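J.:
Residue numbers (the numbering used here): 1 to 443.
(1) CA-CA distance, residue 451 and residue 311?
(2) To test your reading of the DSSP string, which unbroken alpha helix (DSSP H) runs of 4 or more residues are found completely within the stretch 63-142?
(3) Residues bridged to residue 320 by DSSP?
(4) Nearest-angstrom Cα distance between residue 18 and residue 67?
(5) Within the same chain, show all residues whose beta-carbon is closer than 6 Å to that of residue 47, passing over the 5 residues directly before and after it, in chain order.
(6) Flag this pair as touching only if the stretch 134-143 and the stretch 69-87 have three or more C-beta atom pairs under 8 Å; answer yes or no.
(7) Within this structure, are the beta carbons of residue 290 and residue 342 separated by less than 8 Å?
(8) Starting from the N-terminal side, write out each stretch of the alpha helix (DSSP H) that is 4 residues or longer and does not extend beyond the stretch 347-412.
(9) Does the beta carbon of residue 99 fall short of 7 Å from some heavy atom of the ligand FMN?
(10) Counting only the same chain and skipping the five closest in sequence on each side, list residues whose C-beta sits under 8 Å from that of residue 199.
(11) Is the separation between the beta-carbon of residue 320 and that of residue 295 shorter than 8 Å?
(12) Looking at C-alpha atoms only, which residue of 195, 103, 54, 105 is the closest neighbour of residue 130?
(13) Mapping the DSSP letters down to three states, classify residue 337 as helix, strand or coil.
(14) What does DSSP give as the partner residue(s) for residue 284 in the beta ladder?
(15) Express the C-alpha separation of residue 337 and residue 281 in angstroms, rounding to a whole number.
(16) Using DSSP with H/G/I as helix, E/B as strand and the rest coil, what is residue 216?
(17) Excluding the 5 residues flanking residue 297 on each side, which residues of the same chain have their C-beta closer than 6 Å to its C-beta?
(18) Measure the alpha-carbon distance for residue 49 versus residue 96 and round it to whole angstroms.
(19) Can you tell which of 416, 399, 390, 391 has the C-alpha that lies nearest to the C-alpha of residue 377?
(20) Do residue 397 and residue 37 have their CB atoms nearer than 8 Å?
(21) Can you grab the Cα-Cα spacing for the pair residue 390 / residue 64, in whole Å?
(22) What are the partner residues of residue 298, as DSSP defines its beta bridges?
(23) With DSSP as the reference, identify every bridge partner of residue 414, one or two as the case may be.
(24) Measuring alpha carbon to alpha carbon, tell me which of 299, 236, 114, 405 ends up nearest residue 385.
(25) Roughly how many whole angstroms lie between the Cα atoms of residue 73 and residue 57?
(26) Could you check if residue 300 is buried or exposed, using at least 16 other CB atoms within 10 Å of its CB as the buried criterion?
(27) When the Cα of residue 367 is compared with those of 21, 419, 333, which residue comes out closest?
(28) By DSSP, does residue 244 sit in helix, in strand, or in coil?
(29) Expressed to the nearest angstrom, what Euclidean distance is found between the alpha-carbon atoms of residue 373 and residue 104?
(30) Does the beta-carbon distance from residue 112 to residue 102 come in below 8 Å?
(31) Are there 16 or more other CB atoms within 10 angstroms of the CB of residue 414, so buried, or fewer, so exposed?
(32) Can you tell which of 132, 196, 221 has the C-alpha that lies nearest to the C-alpha of residue 248?
(33) According to DSSP, simplified to helix, strand and coil, what is residue 279?
(34) If you run the structure through DSSP and keep just helix, strand and coil, what is residue 16?
(35) For residue 13, which residues of its own chain have a beta-carbon under 6 Å away from its beta-carbon, when the five flanking residues on both sides are left out?
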């Protein structure tokens with residue numbers, strides 16, 4: 001019922017606007033306008049046709065929106081909808097003319113049909129055409145904007161799921177490779193294997209703590225890398241030479257978690273590591289990048305890579321930032337440069353920004369609705385007194401009552417919409433129902 005009154009109010013506003021436009025056009029053309037009963041009859045005719053055509057178009061639009069949903073804006077459905085609006089508008093015009101001429105004009109239906117002419121429908125048809133175009137333009141624009149929001153939400157959700165999947169790869173990847181090292185140590189040196197197991201428990205605790213984070217400080221990664229290096233040296237002893245700084249130049253700098261461990265692991269995996277051909281690994285900072293380099297002495301036969309290590313790091317950086325992971329390979333050296341991020345841009349932060357943006361948009365829409373209502377109210381307070389004065393000066397018939405009531409009704413409906421007030425269910429009914437549906441798992 002509230003929706004009907006709301007649409008009825010809009011119809012009254014449109015009818016008054018059309019009538020004012022007609023009056024202005026008369027003045028522009030220099031046509032004399034007399035504020036008498038004939039003008040009032042013209043005003044009533046304009047109002048009746050405008051309200052009827054608007055309501056017909058509004059409810060056919062509501063029906064089509066429910067039937068087709070987002071599919072309404074396909075070419076086929078738009079043609080069907082447009083033609084339906086035109087046909088319904090013409091039928092509404094015909095019904096109004098029958099009510100006015102047959103119902104109130106005491107004209108027989110046969111005489112009415114015989115006297116009908118297409119010229120009677122011309123102006124009304126143009127109004128219907130304009131209203132239909134306005135409907136489709138407005139709702140198509142709103143549809144496109146909603147689609148953009150949905151696309152961004154899907155992108156954010158996909159990125160979040162993808163990022164979680166990438167982080168979850170680190171856990172088994174690190175465990176399986178560490179167990180392979182432990183297996184080798186058990187055969188070669190049981191005492192070292194026991195020490196390796198103790199150190200592995202400490203390292204694995206760090207993996208469990210950090211793998212669910214988007215970013216960690218460089219200092220945390222450097223400390224973990226030194227612990228991981230001790231594990232590697234238990235197996236390779238002096239065959240690996242490491243150079244790792246104690247602290248980062250910028251204590252606020254961050255990188256993706258476990259990235260250093262993956263790069264160190266890949267260096268050992270893909271290169272020959274012997275006492276005669278030691279592997280030199282350096283970790284250092286350069287131009288805002290954390291660099292990991294090693295002398296290149298590739299193994300002749302390397303098992304097919306799982307693709308988790310370096311590719312995993314690249315993908316996680318790709319989700320979090322526009323900065324790229326730089327990979328350089330020469331005949332004697334292989335290096336990877338990791339961007340050090342000063343400000344964390346996490347998936348959670350992205351989602352919070354999205355929620356904040358939605359709240360801002362909702363607040364902005366509410367403010368715009370309130371501004372529109374006050375603009376409508378001010379216009380009403382200015383125009384109606386002017387019309388009342390014209391009525392008083394020209395005729396004794398109080399025709400000003402009709403625009404005052406019609407437009408006033410529209411202003412009231414506009415105010416209830418702007419402030420979210422429902423005269424039947426109360427002001428907070430809509431919000432309570434929305435919250436109820438949002439909390440319903442079966443909805």
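Ideal Cβ positions, reconstructed from N, Cα and C, are used throughout, including at glycine.
Note that this is a predicted model, so its numbers are computed, not measured.
T.: Taking the geometry as given:
(1) Any answer about residue 451 is impossible in this case: the structure gives the chain only from 1 up to 443.
(2) Counting whole runs of 4 or more residues, the stretch 63-142 contains the alpha helix (DSSP H) stretches 75-98, 109-115.
(3) The count along the chain shown starts at 1 and reaches residue 320 at position 320. According to DSSP, residue 320 bridges with nothing at all.
(4) As a first step, residue 18 is located in the chain shown; it is residue number 18 there, counting from the start. As a first step, residue 67 is located in the chain shown; it is residue number 67 there, counting from the start. The straight-line gap from Cα to Cα measures roughly 31 Å.
(5) On the chain shown, position 47 is the one that residue 47 refers to. The answer, listed in chain order, is 15.
(6) They touch, by the three-pair rule.
(7) Taking the first residue of the chain shown as 1, we reach residue 290 at position 290. Taking the first residue of the chain shown as 1, we reach residue 342 at position 342. Between residue 290 and residue 342, the C-beta spacing is not below 8 Å.
(8) Listed in chain order, they are 347-394.
(9) As for the ligand FMN, it is missing from this structure, which has no ligand bound.
(10) Locating residue 199 in the chain shown gives position 199, where the first residue counts as 1. Only 227, 230, 231, 234 meet the Cβ criterion.
(11) Sequence index remark: in the chain shown, residue 320 carries index 320 (1-based). Sequence index remark: in the chain shown, residue 295 carries index 295 (1-based). Not a contact, by the Cβ cut-off of 8 Å.
(12) In the chain shown, counting from the first residue as 1, residue 130 sits at position 130. Its Cα nearest to that of residue 130, the residue 54 stands out among 195, 103, 54, 105.
(13) The residue you call residue 337 lines up with position 337 of the chain shown. Here residue 337 sits in strand by DSSP.
(14) Locating residue 284 in the chain shown gives position 284, counting from the first residue. According to DSSP, which records beta bridges pairwise, residue 284 is partnered with 291.
(15) Locating residue 281 in the chain shown gives position 281, counting from the first residue. Locating residue 337 in the chain shown gives position 337, counting from the first residue. In a straight line, the C-alpha of residue 281 is about 13 Å away from that of residue 337.
(16) Looking up residue 216 in the chain shown gives position 216. Strand, per DSSP.
(17) Counting from 1 along the chain shown, the entry for residue 297 is found at position 297. Counting only residues of its own chain and dropping the five nearest sequence neighbours on each side, residue 297 has a CB closer than 6 Å to the CB of 271, 272, 277.
(18) Numbered from 1 along the chain shown, position 49 holds the residue referred to as residue 49. Numbered from 1 along the chain shown, position 96 holds the residue referred to as residue 96. Using only the alpha carbons, I get a separation of about 7 Å.
(19) Translated into positions along the chain shown, residue 377 becomes position 377. That would be 416, whose Cα lies nearest to the Cα of residue 377.
(20) Stepping through the chain shown from its first residue, residue 397 is reached at position 397. Stepping through the chain shown from its first residue, residue 37 is reached at position 37. Result yes, Cβ atoms of residue 397 and residue 37 sit closer than 8 Å.
(21) By 1-based counting over the chain shown, the position of residue 390 is 390. By 1-based counting over the chain shown, the position of residue 64 is 64. Distance between the alpha carbons of residue 390 and residue 64: 43 Å.
(22) One-based indexing of the chain shown puts residue 298 at position 298. Its beta-bridge partners are 271.
(23) Within the chain shown, residue 414 is the residue found at index 414, counting from 1. Residue pairing for residue 414: DSSP places it in no beta bridge.
(24) Counted from its first residue, the chain shown places residue 385 at position 385. Selection 299, 236, 114, 405 evaluated against residue 385 yields 405 as nearest (Cα-Cα).
(25) For this step, residue 73 is matched to residue 73 along the chain shown. For this step, residue 57 is matched to residue 57 along the chain shown. Between the C-alpha atoms of residue 73 and residue 57 there is a straight-line separation of about 16 Å.
(26) On the chain shown, residue 300 is found 300 positions in, with the first residue counted as 1. A residue is called buried when at least 16 other Cβ atoms come within 10 angstroms of its Cβ; residue 300 does not meet this threshold and is exposed.
(27) Here residue 367 refers to the residue found at position 367 when the chain shown is read from its first residue. Nearest neighbour of residue 367 by Cα position, chosen from 21, 419, 333, turns out to be 419.
(28) Within the chain shown, numbered from 1, the residue matching residue 244 stands at position 244. In the three-state reduction of the DSSP assignment, residue 244 falls in the coil class.
(29) As a position in the chain shown, residue 373 is number 373, starting the count at 1. As a position in the chain shown, residue 104 is number 104, starting the count at 1. If you draw a straight line from the Cα of residue 373 to the Cα of residue 104, it is about 36 Å long.
(30) Taking the first residue of the chain shown as 1, we reach residue 112 at position 112. Taking the first residue of the chain shown as 1, we reach residue 102 at position 102. The beta carbons of residue 112 and residue 102 sit closer together than 8 Å.
(31) Against the chain shown, residue 414 aligns to sequence position 414. Buried, because 16 or more other Cβ atoms sit within 10 Å of the Cβ of residue 414.
(32) Along the chain shown, read from residue 1 onward, the residue named residue 248 stands at position 248. Per the Cα distances, 221.
(33) Numbered from 1 along the chain shown, position 279 holds the residue referred to as residue 279. The DSSP-derived three-state label of residue 279 is strand.
(34) Counted from its first residue, the chain shown places residue 16 at position 16. Helix at residue 16.
(35) Counting from 1 along the chain shown, the entry for residue 13 is found at position 13. 410.
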